[in-house]
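A.B. asks: The opening residue of the sequence shown carries number 88 in this note's numbering; numbering runs sequentially from there. Ideal Cβ placement from N, Cα and C applies to all residues, glycine included.
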Amino acid sequence: MPAKTAYLSVYDKTGVEDFALGLEELGFEIYASGSTFELLREAGIEAEEVRYSPPVPSAVLKALSGRFPAVSENGVELPAFYLVAANLYPIASIVGQEEFAIEELSSYLDQSNSAVLRAAARDFEAVITISSPSDYGPVLRAFKEAGGLEPVIKKQLAARAWQSLAAYDATVAQYLSETGNMLADEVVMSLKKVADLEYGENRHQTAAFYALSGARPRGLNSAKLLAGGNLNLNHYLDLDTAFELAMEFTEQVCVISKHARPTGLCAAGTQAQCLYGALKGDLAGAVGGTAAFNRQVEAEAALQLKNAFIESVIAPSFSADALKILRAKDGLRVLALAAPVLSPYEVELHSVAGGVLIEAKDNRLFSAEPGCVTRRKPSDAELRALKLAWKTVKYAKTYAVVMAEGAAVCAVSAAESSTYDAVRGAVWKMRDKRSIVPGPGPLVMAADAALPLKTLQAALAGGVCAVIQPGGWQDDAECIEFCDAKNTAMLFAGIRHFRH
88 MPAKTAYLSV YDKTGVEDFA LGLEELGFEI YASGSTFELL REAGIEAEEV
138 RYSPPVPSAV LKALSGRFPA VSENGVELPA FYLVAANLYP IASIVGQEEF
188 AIEELSSYLD QSNSAVLRAA ARDFEAVITI SSPSDYGPVL RAFKEAGGLE
238 PVIKKQLAAR AWQSLAAYDA TVAQYLSETG NMLADEVVMS LKKVADLEYG
288 ENRHQTAAFY ALSGARPRGL NSAKLLAGGN LNLNHYLDLD TAFELAMEFT
338 EQVCVISKHA RPTGLCAAGT QAQCLYGALK GDLAGAVGGT AAFNRQVEAE
388 AALQLKNAFI ESVIAPSFSA DALKILRAKD GLRVLALAAP VLSPYEVELH
438 SVAGGVLIEA KDNRLFSAEP GCVTRRKPSD AELRALKLAW KTVKYAKTYA
488 VVMAEGAAVC AVSAAESSTY DAVRGAVWKM RDKRSIVPGP GPLVMAADAA
538 LPLKTLQAAL AGGVCAVIQP GGWQDDAECI EFCDAKNTAM LFAGIRHFRH
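#1: Here's a check: name, in chain order, each residue in its chain whose Cβ is nearer than 6 Å to the Cβ of THR377, leaving out the five neighbours to either side.
#2: Going by alpha carbons, who is nearest to VAL103 out of ALA172, TYR482, ALA498?
#3: Going by alpha carbons, who is nearest to LEU473 out of ARG462, VAL496, ALA487, VAL460?
#4: Spatial neighbours of ALA498 within its chain, please: C-beta separation below 6 Å, excluding the five flanking residues on both sides.
#5: Would DSSP call SER522 helix, strand or coil?
#6: Below 8 Å CB to CB, which residues in the same chain sit around VAL524 once its five sequence neighbours on both sides are set aside?
#7: Could you check whether the Cβ of ARG414 sits closer than 8 Å to any Cβ belonging to chain D?
#8: Taking the beta carbon of VAL443 as the centre, do at least 16 other beta carbons fall within 10 Å, making it buried, or is it exposed?
#9: Thinking C-beta only, is VAL460 closer than 8 Å to MET532?
#10: My output table needs one value for PRO349: the three-state DSSP class, helix, strand or coil.
#11: Return the CA-CA distance between LYS149 and SER122, expressed in angstroms with no decimal places.
#12: Is LEU413 closer than 8 Å to ALA333 when the C-beta atoms are compared?
#13: If you measure between the beta carbons of ALA553 and GLU456, is that distance less than 8 Å?
#14: Can you give me the start and stop residues for the alpha helix (DSSP H) that PHE230 sits inside?
#15: At 3 residues or longer, what runs of the beta strand (DSSP E) sit wholly inside the region 441 to 492?
#16: Going residue by residue through the region 129 to 188, where are the continuous alpha helix (DSSP H) segments of at least 4 residues, counting only ones entirely within it?
#17: Quick one, are the C-beta atoms of PHE211 and LYS231 less than 8 Å apart?
#18: Does the region 374 to 392 touch the region 284 to 295, meaning 3 or more C-beta pairs lie closer than 8 Å?
#19: With a threshold of 16 other CB atoms inside 10 Å of the CB of ARG521, please say whether the residue is buried or exposed.
#20: Name the one or two DSSP bridge partners that HIS437 has.
#21: Taking the continuous alpha helix (DSSP H) assigned at PHE380, which residues delimit it?
#22: Just the C-alpha distance for GLY526 and GLY368, rounded to the nearest angstrom, thanks.
#23: Are the region 116 to 136 and the region 88 to 107 in contact at 8 Å, needing three or more beta carbon pairs?
#24: Using only alpha-carbon positions, find the residue among ASN574, LEU424, GLU111, GLN391 that is nearest to GLU135.
#25: Looking only at C-alpha atoms, which of PHE124, VAL97, ILE132, GLU125 sits nearest to GLY109?
#26: Beta carbon of ALA580, beta carbon of ILE555: below 8 Å?
#27: Taking the C-alpha atoms as reference points, what is the distance between GLY372 and ASN319?
#28: On the DSSP bridge list, what partners appear for THR92?
#29: How would you call LYS478, buried or exposed, if buried means at least 16 neighbouring beta carbons within 10 angstroms?
#30: What does DSSP give as the partner residue(s) for LEU588 in the beta ladder?
#31: Assign LYS481 to buried or exposed, taking buried as 16 or more other Cβ atoms, counted over all protein chains shown, within 10 Å of its Cβ.
#32: CB-CB under 6 Å to VAL384, same chain, minus the five flanking residues each way: which ones, in chain order?
#33: Enumerate in chain order the residues of its own chain whose CB-to-CB distance from LEU312 is below 7 Å, with the five nearest sequence positions on each side excluded.
#34: Using the C-alpha atoms, what's the distance from ALA534 back to ILE582?
#35: Quick one: Cα of ASN394 to Cα of LYS416, how far?
#36: Could you check what DSSP says for GLY102 in three-state terms: helix, strand or coil?
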């Protein structure tokens with residue numbers, strides 16, 4: 088076995104004193120730098136100080152290479168180290184602070200310990216490389232029980248060190264590229280685990296939630312779980328859909344989501360009436376779903392939620408009375424999340440076999456104010472319902488149509504193979520339905536894709552009196568002529584909202 092020599096230089100001091108004591112008991116000669124040396128000295132642990140001039144400890148790097156004589160600036164001769172423990176500045180938490188300015192970045196970049204970790208991990212067969220305090224205990228036990236580490240363990244420790252370095256570098260790259268090219272030739276990404284999930288889409292699938300390292304909290308990674316048990320992957324997909332849709336509205340609204348698609352929405356009356364209207368949009372579809380609000384949840388709505396079969400609820404905040412009511416409901420997950428601050432450089436990722444597809448996030452509602460292409464203009468009530476339906480269809484799976492009446496969604500038909508099937512599904516759902524809060528109103532429809540004439544005819548036959556769609560289909564002229572003949576108002580949004 089090589090000489091028992093160790094070099095310690097850590098930013099995270101968790102457990103380093105006990106680790107050094109353990110090494111001392113095993114007969115290690117300890118060397119340390121900077122604040123790590125000061126901490127060990129104050130703890131009465133014998134260690135040689137290694138002084139150096141920033142940015143890098145060149146003598147330590149020479150010692151790790153094993154090819155050059157190494158002497159520190161204070162005249163200490165350095166051996167070829169057998170064990171190195173080093174970790175880096177918490178760059179992710181630093182750049183994630185709201186008040187952090189880019190001008191400060193260079194002063195937080197850890198050149199010293201990153202260089203030491205790279206040099207040690209490069210020679211992992213000869214050097215035990217420790218990059219996390221969580222490895223101190225297992226390493227000490229291995230020496231006490233087996234007299235050292237197996238090669239496979241050294242390899243695993245080196246891999247963790249390289250992962251730590253890669254995550255560090257990727258975090259810096261992510262921060263600097265927030266205002267850069269989203270679709271660069273090379274994209275690096277550092278993800279930090281937020282939580283292990285109860286399960287994935289199905290119970291036999293494991294899953295975890297990760298956040299982008301260094302990103303300022305602006306999404307579900309910053310949500311606070313106020314009540315309820317663990318969440319699974321499906322909960323997060325529903326929460327994301329419901330809350331993002333709710334935040335599209337300035338007026339008070341409630342959204343119900345199930346399987347990452349909206350099932351109901353209402354934006355009129357009191358908060359409790361909004362919840363009632365959203366649930367009535369699809370009573371069967373709401374079962375086991377998620378409710379989202381864009382206002383603080385009050386006791387009246389909480390009482391109604393307590394009697395609904397909803398698995399999770401999310402809102403910016405909850406009153407004390409509302410929270411007390413909701414915490415009494417078994418199995419209900421209650422999450423608080425402030426309104427998200429979206430970056431214009433947000434992206435969506437889609438996993439495919441062998442790679443990842445990246446696209447800009449669909450943050451636009453219209454390309455411009457939607458234009459009326461028919462002789463009859465929509466009434467004020469129709470226009471409000473059309474905009475409500477258009478916001479909702481943006482979050483439904485393609486092909487999708489949304490029918491709305493008054494200030495509430497009353498039918499969502501999504502994930503169909505054609506717009507015609509989507510319309511037929513929505514018309515079927517509308518059978519025997521009545522207007523929801525605030526009362527009878529015009530039945531309008533939004534479609535996420537341009538409509539062929541046959542599809543439009545089916546919609547109007549189902550009672551639709553105003554339509555909003557992207558436009559841009561070869562049947563546009565015939566569709567306009569047909570709407571004029573039926574005295575139906577139609578808007579072209581000039582943008583489509585496919586969602587897969």
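C.D. replies: This is what the structure holds:
#1: ASP325, LEU326, ALA329, SER344, SER399
#2: ALA172
#3: VAL496
#4: MET490, ALA513, LYS516, MET517
#5: Summary for SER522: the model assigns pLDDT 44, below 50, so the residue's position carries little reliability; its value from the coordinates is reported in the next sentence. SER522 falls in the coil class under three-state DSSP.
#6: Because the pLDDT of VAL524 is 41, which lies under 50, any placement of that residue in the model is unreliable, and the question is left without a value.
#7: In the displayed structure, chain D is absent; only one protein chain is listed.
#8: exposed
#9: no
#10: strand
#11: 21 Å
#12: no
#13: no
#14: 223 to 233
#15: 442 to 447, 488 to 492
#16: 145 to 152, 178 to 182
#17: no
#18: no
#19: In this prediction, ARG521 has a pLDDT of 49, which is less than 50 and means its spatial position is unreliable; what the coordinates show is noted afterwards. Answer is exposed; the Cβ neighbour count stays below 16.
#20: LEU444
#21: PHE380 -> not in any alpha helix (DSSP H); beta strand (DSSP E) instead, spanning 376 to 380.
#22: Low confidence applies here, because GLY526 scores a pLDDT of 46, under 50, leaving its location unreliable and the question unanswered by this model.
#23: yes
#24: GLU111
#25: ILE132
#26: yes
#27: 19 Å
#28: GLU116
#29: buried
#30: Lying before the first or after the last residue shown, residue 588 is absent from the chain, which here runs from 88 to 587.
#31: buried
#32: ALA402, PHE405, ALA409
#33: ARG420, LEU422
#34: 11 Å
#35: 9 Å
#36: coil
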